Amino acid sequence: MNTEKQLYTISVYTENNIGLLNRISAIFQRRHINIESLNISPSEIEGIAKFIIVVNMTEVNVKKIIGQIEKQVEVIKAYFHNLEEIIYQISGLFKIKSELLFEERQIQNIIKESNARIVTVNKEFFVLEKSGKKEEIAELYNQLSVYGIMQYTRSGLIAVTKEAMKISELLKY
Amino acid sequence: METQTIENKEIATKVTEKISGSEAIVRCLIAEGVKIIYGYPGGAIMPVYDELYKYQDKIHHVLARHEQGATHAAQGFARISGKVGVAIATSGPGATNLVTGIADAQIDSTPMVCITGQVASHLLGSDAFQETDIVGISTPVTKWNCQVTRAADIPAVLAKAFYIAKSGRPGPVLVDITKDAQFEDFDFSYEKCTKIRSYVPIPKTVIGSLEAAAKLINTAKKPFIVWGQGIVLSQAEEQFKALVEKAGIPAAWTILGASALPTSHPLNVGMLGMHGNYAPNKLTNECDVLIAIGMRFDDRVTGKLDEYATQAKVIHFEIDPAEVDKNVKTDVAVLGDAKVTLEAILPLIDENSHEEWHQQFKNLYEIEYEKVIKGDLYPTKEGLTMGEVIKEINIQSKGDAAIVTDVGQHQMIACRYAEFNKTKSNITSGGLGTMGFGLPAAIGAKMAAPEREVVSISGDGGYQMTIQELGTIFQQKAAVKIVVLNNDFLGMVRQWQQMFFEKRYASTEMVNPNFVAIAEGYYIKAKKVTKREELAAAVAEMMASKEAYFLEVCVEKEGNVFPMVPSGASVSEIRLE
Numbered sequence: 001m002n003t004e005k006q007l008y009t010i011s012v013y014t015e016n017n018i019g020l021l022n023r024i025s026a027i028f029q030r031r032h033i034n035i036e037s038l039n040i041s042p043s044e045i046e047g048i049a050k051f052i053i054v055v056n057m058t059e060v061n062v063k064k065i066i067g068q069i070e071k072q073v074e075v076i077k078a079y080f081h082n083l084e085e086i087i088y089q090i091s092g093l094f095k096i097k098s099e100l101l102f103e104e105r106q107i108q109n110i111i112k113e114s115n116a117r118i119v120t121v122n123k124e125f126f127v128l129e130k131s132g133k134k135e136e137i138a139e140l141y142n143q144l145s146v147y148g149i150m151q152y153t154r155s156g157l158i159a160v161t162k163e164a165m166k167i168s169e170l171l172k173y
Numbered sequence: 001m002e003t004q005t006i007e008n009k010e011i012a013t014k015v016t017e018k019i020s021g022s023e024a025i026v027r028c029l030i031a032e033g034v035k036i037i038y039g040y041p042g043g044a045i046m047p048v049y050d051e052l053y054k055y056q057d058k059i060h061h062v063l064a065r066h067e068q069g070a071t072h073a074a075q076g077f078a079r080i081s082g083k084v085g086v087a088i089a090t091s092g093p094g095a096t097n098l099v100t101g102i103a104d105a106q107i108d109s110t111p112m113v114c115i116t117g118q119v120a121s122h123l124l125g126s127d128a129f130q131e132t133d134i135v136g137i138s139t140p141v142t143k144w145n146c147q148v149t150r151a152a153d154i155p156a157v158l159a160k161a162f163y164i165a166k167s168g169r170p171g172p173v174l175v176d177i178t179k180d181a182q183f184e185d186f187d188f189s190y191e192k193c194t195k196i197r198s199y200v201p202i203p204k205t206v207i208g209s210l211e212a213a214a215k216l217i218n219t220a221k222k223p224f225i226v227w228g229q230g231i232v233l234s235q236a237e238e239q240f241k242a243l244v245e246k247a248g249i250p251a252a253w254t255i256l257g258a259s260a261l262p263t264s265h266p267l268n269v270g271m272l273g274m275h276g277n278y279a280p281n282k283l284t285n286e287c288d289v290l291i292a293i294g295m296r297f298d299d300r301v302t303g304k305l306d307e308y309a310t311q312a313k314v315i316h317f318e319i320d321p322a323e324v325d326k327n328v329k330t331d332v333a334v335l336g337d338a339k340v341t342l343e344a345i346l347p348l349i350d351e352n353s354h355e356e357w358h359q360q361f362k363n364l365y366e367i368e369y370e371k372v373i374k375g376d377l378y379p380t381k382e383g384l385t386m387g388e389v390i391k392e393i394n395i396q397s398k399g400d401a402a403i404v405t406d407v408g409q410h411q412m413i414a415c416r417y418a419e420f421n422k423t424k425s426n427i428t429s430g431g432l433g434t435m436g437f438g439l440p441a442a443i444g445a446k447m448a449a450p451e452r453e454v455v456s457i458s459g460d461g462g463y464q465m466t467i468q469e470l471g472t473i474f475q476q477k478a479a480v481k482i483v484v485l486n487n488d489f490l491g492m493v494r495q496w497q498q499m500f501f502e503k504r505y506a507s508t509e510m511v512n513p514n515f516v517a518i519a520e521g522y523y524i525k526a527k528k529v530t531k532r533e534e535l536a537a538a539v540a541e542m543m544a545s546k547e548a549y550f551l552e553v554c555v556e557k558e559g560n561v562f563p564m565v566p567s568g569a570s571v572s573e574i575r576l577e
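If you read the sequences in order, they're chains X and D. So for the first sequence, our numbering puts the first residue at 1; every next one is plus one. So for the second sequence, our numbering puts the first residue at 1; every next one is plus one.
The structure is reproduced here in C-alpha cells:
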C-alpha cells in the first residue's frame, strides 16, 4: 500500500442536512488534516448532495477517513480517488483594470493563449475566468500579476470519476 | 394526583390527534417503551416537565443532582438492561452538563437518547438567556443529533433517534427541541423508525470471509481470542461460549467485554491491556492467529502498535467497518453482527483443545500469582489492599453482583479480581475514563435491574466528582451498595508520578472529608473500615442491607497496580513490579 502522501479527492454522497458539514469536517479536524479544498453541490440524484473534498494524505489514512465518514448516519457513500482516476476542473476569477486591456497589448495575447474567457467588461475593470487544472490557473495568475490584479479567487476542485459510482443502486435497498 | 394522570388511554396511535409538542415528546417516549428517564428541569424544558407530571404513572422521572449524573445513570441503565437510556435537560448549562456523559456513551457504544430544551426558535443565534449551540457542541460526540423547531417534526425525529441509538453499533443521540416547538399544537401520530436509507447499521458479511476465518482458526497452532463489548451488545454470549469451547481457544477480554464469559470458565485467561493479566498480554505476541471479536484495539489494550501481534494473522469480527484496519491490520475481516457471524462460523470450526498452548497461559499465570496476585488478595503486611476488598465482595456476592466502577486504581483492581457469573455485570467507563461515572451509573443499573445486587466501587477522588448523587439515591430509595476504597490519593496518577516523575506527587494527595458523615447526612447507612479483621463483617452487613449502604474502606496509601504495560511500550514489556 502506498505510504507516500498525495492528493486525493474524497467524494461523499449525502442526504441534504443541516450540520452534516460540521460532522464531516470534524473528522478531518480531529486528525489534524488540512482540507485543501471543499465543494458541496447537488449530485446527479435528486435530493442527494455531493461533497468533493481534496486532501493531501497517505492511502492508509485516507481509507480510515473514508470509514469514519461513511459511519455518519446521513452519509450514503464515500469514495476516494487520486488525480489520475478523475476528470477535474478548477475555476479562477481575475478582476483587472480595463485600461490595461488597451494599454498592454500582451494581455490580449495572454487571454487568447490561455483560453481564458472574458466574463464582463466595463469602464473600470474586466473579469477573466479560466477553468482548468490548478497549474494552468497558477500560470495565468503569474502572467497577469506582472500587470496588477485587482482581485483574484479560485474555486474548489470539482470532479467526476472515470469509474462508475453506483449510488442509485445503493439507494434501492 | 389521580386527576392529573391519564388512564387507559391509547398512548401512541397512528390515528392523529391534536396535542402539544411537549406532550408529543412524552407520548413518543412511552411509545418507545421508556419507563424511567433521568434528568433535571429548567426554563426551556418546563413544558415537557409539565407533561411528565401528567404522565407520571407511565414514566418515572428520576431527578438527578446534576445533569452529568443523569447521563451516567442513563448509561448504567442501558448497560445492564441493553435498552436505550434516556436523559433530559434544559438548554444552556443543562445541555452542556450532559456532554461528558454523551462523550462517554459514544466511545463506549452505549445506546442513549438525550433530549434538551432550547430557547424559542426566534431567539436562536441571538445569545439569548441559557442559549447554547448544543447541536454544534455535541456533534463530535454523538452518533447523531438534531434540532427541532416545529412540533410536527417531533415524532419522526424521536423515532429516528431511538432507532439510531440502539441499532448497529449503539451510541448516544441528542435531540434539541425549541420551547416554541414544545408549546405548539399539531396533529400527533407516531410510527417507529425501522430504516433510514443512508444508514447501514449492520454491514453485510463479505462472501467467503467466514470460510477464510474458519480455515485460519482450524489450522492455527496457537490461536488466541480477544473479545470486547461487541459480544454483550449483540447478545452473543452463548454463541461465543460455544465457539471458544468447540475450538478450545484461550480467550481474554477488554474491560468492556468482561463478564460476557464467566470469570471461572477454564478458557477465560483474563484481562487484556495496560493493567491486564500477564499471560494474555505476553502471549499476544506469541500467538499465530489472533481472533478479535467485537473489540476495537484501543491503545490501552494494544500498547505499542508496531510491536503488537506482528507475528500473527489477524481475524476481526466487527460490526463497524470503520474499526477494521483502523489500528491493527486485519487479514480477514468478518463484518456483521457478532451473534449472527459467530453462529454461522461455528459449524465450520473443528473441535480442538490446544492443551500445550493453554498450558503456556497457566504457566504465566503462576508467575503472576506469585509476584502480584497473592500479595493483592492475601496480603500479610499491614494496610488493607484494594484486592482483598474485591475478594471479600466476590465471596459474599458469590460472583452474582453487578460491579459498577469509576476510574482509576480501584477500577483496574476491581476488573482484575471481580468474579462474574453473569453477563452485563461489569459496568465501567472504559474509553473515556470518566471519573465520577460510577456512583450515578450504579443508580441507573439498580433501577433497571432491581432484582440484582449492584455494588458501586469508587476511589476517593472519582467519588467526590459526583458525590451529590447520594441525594438521588436517597430520594429514589435506590438500594445501591456503595464502596469507596480510600487511599487519600488520586491513586493512579500518584502511581505514575512514583514510576515516571520521580515521586513528585503534584496535586494528587487528597485531604478528604468525613465520608461516613456525608452519607449519613443523606440518611444512608454508613460504615468505615480501617482494619483487616473488620472487613468481612462490614461487607456482610452491607450485602445484607435491603437499602442503600455506604462502606468506606481505608486502604494502603501508596499501593500500586501491577502488572503494567508502561504507556507506549509493547505488550511483551509488561512489568510485574
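Just so it is clear, CB atoms sit at the ideal spot from N, CA and C, and this is done for glycine as well. Nothing here was measured: the structure is a model prediction, and the numbers come from that model.
In this structure, V454 of chain D places its C-beta atom within 7 Å of the C-beta atom of V480 of chain D. In the DSSP assignment, P93 of chain D falls outside any beta strand (DSSP E) and lies within the alpha helix (DSSP H) extending over 93-96. Assignment of alpha helix (DSSP H) within the segment 468-527 of chain D, counting only whole runs of 4 or more residues, yields 470-476, 491-500, 515-521 in chain order. Within chain D, the residues whose beta carbon sits less than 8 Å from that of A26 of chain X are T139, P140, listed in sequence order.
Across the segment 179-208 of chain D, CB contacts with chain X closer than 7 Å involve I196, R197, S198, Y199, in sequence order along the chain.
The residue from X:E4, X:I27, X:T3, X:T9 with its alpha-carbon nearest to that of K143 of chain D is X:I27.
Relative to G156 of chain X, the option among X:S11, X:K64, X:E4 whose CA is nearest is X:S11. Remark: C-beta atoms of A31 of chain D and G444 of chain D do not approach each other more closely than 7 Å. Of the candidates D:A64, D:F501, D:G21, D:T466, the residue whose Cα lies closest to the Cα of P47 of chain D is D:G21. The beta carbons of E469 of chain D and L439 of chain D sit about 5 Å from each other, so the pair counts as a contact at 8 Å. In its chain, beyond the 5 residues on either side, S11, Y79, H81, E85, I86, I87 have a beta carbon closer than 8 Å to the beta carbon of T161 of chain X. Beta bridge pairing from DSSP links S567 of chain D with no other residue. For K374 of chain D, DSSP records no beta bridge to any residue. In the structure shown, the three-state DSSP call for C554 of chain D is strand. Between D400 of chain D and N421 of chain D, the beta carbon gap of about 6 Å places them in contact (Cβ cut-off 8 Å). Residue D:E533 holds the alpha-carbon nearest to the alpha-carbon of P379 of chain D among D:E533, D:Y365, D:W227.
With a contact defined as Cβ atoms closer than 8 Å, P223 of chain D and H354 of chain D qualify at about 7 Å.
For the segment 298-325 of chain D, residues whose beta-carbon sits nearer than 9 Å to a beta-carbon of chain X comprise D320, P321, A322, E323, V324, D325. The Cβ atoms of V175 of chain D and C193 of chain D do not sit closer than 7 Å to each other.
With respect to chain D, the C-beta atom of L171 of chain X has a partner C-beta closer than 7 Å. By the criterion of a C-beta distance shorter than 8 Å, I66 of chain X is surrounded in its chain by I10, A78, Y79, F80, once the five residues flanking it on both sides are discounted. Per the Cβ contact rule, the segment 282-293 of chain D is in contact with the segment 552-572 of chain D (3 or more Cβ pairs under 8 Å). Contact check for G459 of chain D and G383 of chain D: beta-carbon distance about 16 Å, past the 8 Å limit, so the pair fails to qualify. Beta-bridge partners assigned by DSSP to R575 of chain D: D:M564. Ranked by Cα distance from A49 of chain X, the first of X:L20, X:E59, X:N61 is X:L20.
Excluding the 5 residues flanking it on each side, A333 of chain D has same chain C-beta neighbours closer than 6 Å at H316, V324, in chain order. Between the segment 159-167 of chain D and the segment 124-139 of chain D, the count of Cβ pairs shorter than 8 Å is below three; the stretches do not touch.
Using beta-carbon distances, K71 of chain X counts as an interface residue toward chain D, with a partner under 7 Å. At a Cβ-Cβ threshold of 7 Å, T428 of chain D and Q411 of chain D count as neighbours. Cβ atoms of I217 of chain D and A247 of chain D come within 8 Å of each other, at about 6 Å. At least one C-beta of chain D is nearer than 7 Å to the C-beta of R23 of chain X. Of the other Cβ atoms in all chains shown, 16 or more fall within 10 Å of the Cβ of G117 of chain D; this residue is therefore buried.
Excluding its 5 nearest sequence neighbours in each direction, S81 of chain D has C-beta neighbours in its own chain below 6 Å: A448, listed in chain order. Considering only beta carbons, no part of the segment 139-160 of chain X lies closer than 8 Å to chain D. Proximity of I115 of chain D to chain X, defined by a Cβ-Cβ separation below 7 Å, is not satisfied. Around the Cβ of Y523 of chain D, a 10 Å sphere holds fewer than 16 other Cβ atoms; the residue is exposed.
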